[in-house]
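These notes are about the structure you will find just below.
Protein chains: 4
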Amino acid sequence: MTDRELYERAVAVAQRAYAPYSSYLVGAAVLLRDGRVVEGVNVENAAYPLGICAEKSALSAAVVAGYGPGDVEAIGITASPCGGCRQWLHEFRLDRATYLHDGELVTRSAAELLPDTWSL
Amino acid sequence: MTDRELYERAVAVAQRAYAPYSSYLVGAAVLLRDGRVVEGVNVENAAYPLGICAEKSALSAAVVAGYGPGDVEAIGITASPCGGCRQWLHEFRLDRATYLHDGELVTRSAAELLPDTWSL
Amino acid sequence: MTDRELYERAVAVAQRAYAPYSSYLVGAAVLLRDGRVVEGVNVENAAYPLGICAEKSALSAAVVAGYGPGDVEAIGITASPCGGCRQWLHEFRLDRATYLHDGELVTRSAAELLPDTWSL
Amino acid sequence: MTDRELYERAVAVAQRAYAPYSSYLVGAAVLLRDGRVVEGVNVENAAYPLGICAEKSALSAAVVAGYGPGDVEAIGITASPCGGCRQWLHEFRLDRATYLHDGELVTRSAAELLPDTWSL
Numbered sequence: 627m628t629d630r631e632l633y634e635r636a637v638a639v640a641q642r643a644y645a646p647y648s649s650y651l652v653g654a655a656v657l658l659r660d661g662r663v664v665e666g667v668n669v670e671n672a673a674y675p676l677g678i679c680a681e682k683s684a685l686s687a688a689v690v691a692g693y694g695p696g697d698v699e700a701i702g703i704t705a706s707p708c709g710g711c712r713q714w715l716h717e718f719r720l721d722r723a724t725y726l727h728d729g730e731l732v733t734r735s736a737a738e739l740l741p742d743t744w745s746l
Numbered sequence: 627m628t629d630r631e632l633y634e635r636a637v638a639v640a641q642r643a644y645a646p647y648s649s650y651l652v653g654a655a656v657l658l659r660d661g662r663v664v665e666g667v668n669v670e671n672a673a674y675p676l677g678i679c680a681e682k683s684a685l686s687a688a689v690v691a692g693y694g695p696g697d698v699e700a701i702g703i704t705a706s707p708c709g710g711c712r713q714w715l716h717e718f719r720l721d722r723a724t725y726l727h728d729g730e731l732v733t734r735s736a737a738e739l740l741p742d743t744w745s746l
Numbered sequence: 627m628t629d630r631e632l633y634e635r636a637v638a639v640a641q642r643a644y645a646p647y648s649s650y651l652v653g654a655a656v657l658l659r660d661g662r663v664v665e666g667v668n669v670e671n672a673a674y675p676l677g678i679c680a681e682k683s684a685l686s687a688a689v690v691a692g693y694g695p696g697d698v699e700a701i702g703i704t705a706s707p708c709g710g711c712r713q714w715l716h717e718f719r720l721d722r723a724t725y726l727h728d729g730e731l732v733t734r735s736a737a738e739l740l741p742d743t744w745s746l
Numbered sequence: 627m628t629d630r631e632l633y634e635r636a637v638a639v640a641q642r643a644y645a646p647y648s649s650y651l652v653g654a655a656v657l658l659r660d661g662r663v664v665e666g667v668n669v670e671n672a673a674y675p676l677g678i679c680a681e682k683s684a685l686s687a688a689v690v691a692g693y694g695p696g697d698v699e700a701i702g703i704t705a706s707p708c709g710g711c712r713q714w715l716h717e718f719r720l721d722r723a724t725y726l727h728d729g730e731l732v733t734r735s736a737a738e739l740l741p742d743t744w745s746l
């Protein structure tokens with residue numbers, strides 16, 4: 627699966643997001659090192675800080691399926707990840723993230739997205 | 627599926643939790659109104675506030691699968707839900723939650739768990 | 627200071643909330659056992675789950691000022707606290723919370739707001 | 627006030643952090659454009675995801691005091707900010723953050739800390 631295809635999986639699943647407060651639908655698709663793909667969407671809450679992002683939704687689904695840090699190769703996201711999700715990409719040691727930024731598809735490493743973060 | 631069986635599903639999946647910081651493994655299993663069951667676990671992060679609970683993990687998996695508020699009948703959890711997750715049970719309009727509390731299996735409605743909360 | 631006065635302090639400070647996404651201004655005022663009052667407001671973020679509620683804002687200000695669990699007597703809030711904040715009221719062992727609910731000023735204990743929660 | 631002095635304020639206030647779960651005390655000090663300094667500490671919760679970081683504590687105190695995005699010049703932090711807090715530095719449009727990283731005091735812009743983030 628190419629990074630572009632992973633991004634397209636994220637775009638497709640975004641339609642299922644539960645985002646009645648922002649109306650901003652986000653999707654994410656995680657590529658595991660064994661080739662499996664797991665998806666996520668943002669899930670909002672009337673108490674805004676209690677919601678979760680699509681990247682966390684996808685990565686937690688990977689954990690439920692038996693995967694952990696080191697098992698995830700890449701993620702496709704419909705938009706640039708928020709800082710909180712960048713910390714998750716670092717925690718799970720992803721090689722790269724692909725997302726739409728300023729109208730262009732870009733691919734970045736977790737370290738590029740979160741410079742100077744601490745070692746685990 | 628009985629409430630006890632749902633709780634037992636939660637206990638079984640808890641082994642997959644990613645909880646290296648608290649070593650406190652939590653599992654959750656959601657029963658959808660069509661009979662399907664979806665599972666979740668807590669996923670911690672080195673930046674503690676960025677982690678997510680098992681209940682959110684399970685409910686976000688239900689959303690990814692195409693379900694939303696009103697579609698979830700019950701949840702089984704290995705422990706009493708935190709306040710943040712009770713707000714999610716309210717948002718998704720679950721009928722009831724079953725969990726272990728003081729060594730006993732109890733079942734409560736979302737309204738009992740979060741009295742006086744706002745209408746959606 | 628009466629519970630009503632504490633609530634009125636919450637109403638007054640709510641005007642300072644940073645809530646450009648929900649336009650829902652929330653204020654909170656905490657009464658410490660030594661008589662001091664500390665205030666808080668909700669602070670939202672473009673990434674919704676990263677925001678914080680007024681109750682957390684007020685209680686963290688109390689911590690910065692040198693107070694901790696057991697030192698806080700009561701809180702006034704402009705609205706019913708979300709589940710996440712109820713967990714903070716429990717953690718800080720407040721005696722009571724006063725807020726507007728269905729057009730009426732109500733006062734509840736932390737235990738009433740979060741039944742069946744765990745012991746600390 | 628120099629960036630080093632701001633950092634030293636963060637170190638001093640960190641002693642007041644409420645961090646019984648991680649035992650990791652974090653302090654932050656925010657320099658407002660009018661010269662005033664506001665402090666914050668991390669406040670943890672038994673439900674880990676409900677805690678807040680020192681940077682959020684400090685910036686919310688600034689908001690309570692009547693300041694908002696654009697009014698904050700710099701922040702000193704005892705450690706590299708997590709991704710969630712970097713998003714707050716972006717939201718509040720800080721010029722720079724100073725913190726200890728790999729034993730050295732470093733100063734970075736909000737854009738350096740969170741490359742490719744969205745415009746507000």
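Residue numbers (the working numbering), protein chains in the order written: chain L, 627 to 746; chain X, 627 to 746; chain H, 627 to 746; chain P, 627 to 746.
All residues carry an ideal CB built from backbone N, CA and C; glycine is no exception.
Cβ-Cβ distance between residue i and residue j below 8 Å
i, j, result
"X:Asn671", "L:Glu738", "no"
"H:Pro741", "H:Arg719", "no"
"X:Ser745", "L:Ser683", "no"
"X:Gly653", "X:Val667", "yes"
"L:Pro675", "H:Pro675", "yes"
"L:Tyr644", "X:Val689", "yes"
Buried versus exposed call for residue i [16 or more other C-beta atoms within 10 Å across all chains shown]
i, result
"P:Pro646", "exposed"
"L:Ala638", "exposed"
"X:Arg665", "Residue 665 of chain X is actually Glu in this sequence, not Arg. Classification for X:Glu665: buried."
"P:Glu681", "buried"
"L:Thr743", "buried"
"L:Gly661", "exposed"
"P:Gly709", "buried"
Extent of the continuous alpha helix (DSSP H) run through residue i
i, result
"P:Arg712", "709 to 717"
"X:Ala636", "629 to 639"
"X:Glu730", "Run containing X:Glu730: none in the alpha helix (DSSP H); it sits in the beta strand (DSSP E), 730 to 734."
"P:Glu681", "680 to 690"
Same chain, Cβ closer than 6 Å to residue i, five either side skipped, listed in chain order
i, result
"L:Arg734", "Ala723"
"P:Ala736", "Leu715, His716, Leu720"
"X:Tyr693", "Leu658"
"L:Gly729", "none"
Same chain, Cβ closer than 8 Å to residue i, neighbours up to 5 away in sequence not counted
i, result
"L:Tyr633", "Ala655, Gly702, Ile703, Thr704, Thr724, Tyr725, Leu726, Leu731"
"X:Val587", "The requested residue 587 of chain X is not part of the displayed model; chain X covers only 627 to 746."
"P:Gln641", "Leu651, Gly653"
Proximity test, residue i beta-carbon vs the ligand MG heavy atom, cut-off 7 Å
i, result
"H:Ala736", "The model depicted lacks the ligand MG and carries no ligand whatsoever."
Contacts around residue i, its chain only, beta-carbon distance under 7 Å, and the 5 residues preceding and following it disregarded
i, result
"X:Ser648", "Glu670"
"P:Arg630", "Leu731"
"P:Ala691", "Val664"
Delimiting residues of the beta strand (DSSP E) encompassing residue i
i, result
"H:Tyr725", "722 to 727"
"H:Glu699", "698 to 703"
"P:Glu665", "663 to 667"
"P:Ala655", "653 to 658"
### Query
Is the number of C-beta pairs between the stretch 701 to 714 of chain P and the stretch 722 to 733 of chain P that are closer than 8 Å three or more?
yes
### Message
Three or more C-beta pairs under 8 Å: does that hold for the stretch 709 to 716 of chain L against the stretch 665 to 685 of chain X?
### Response
yes
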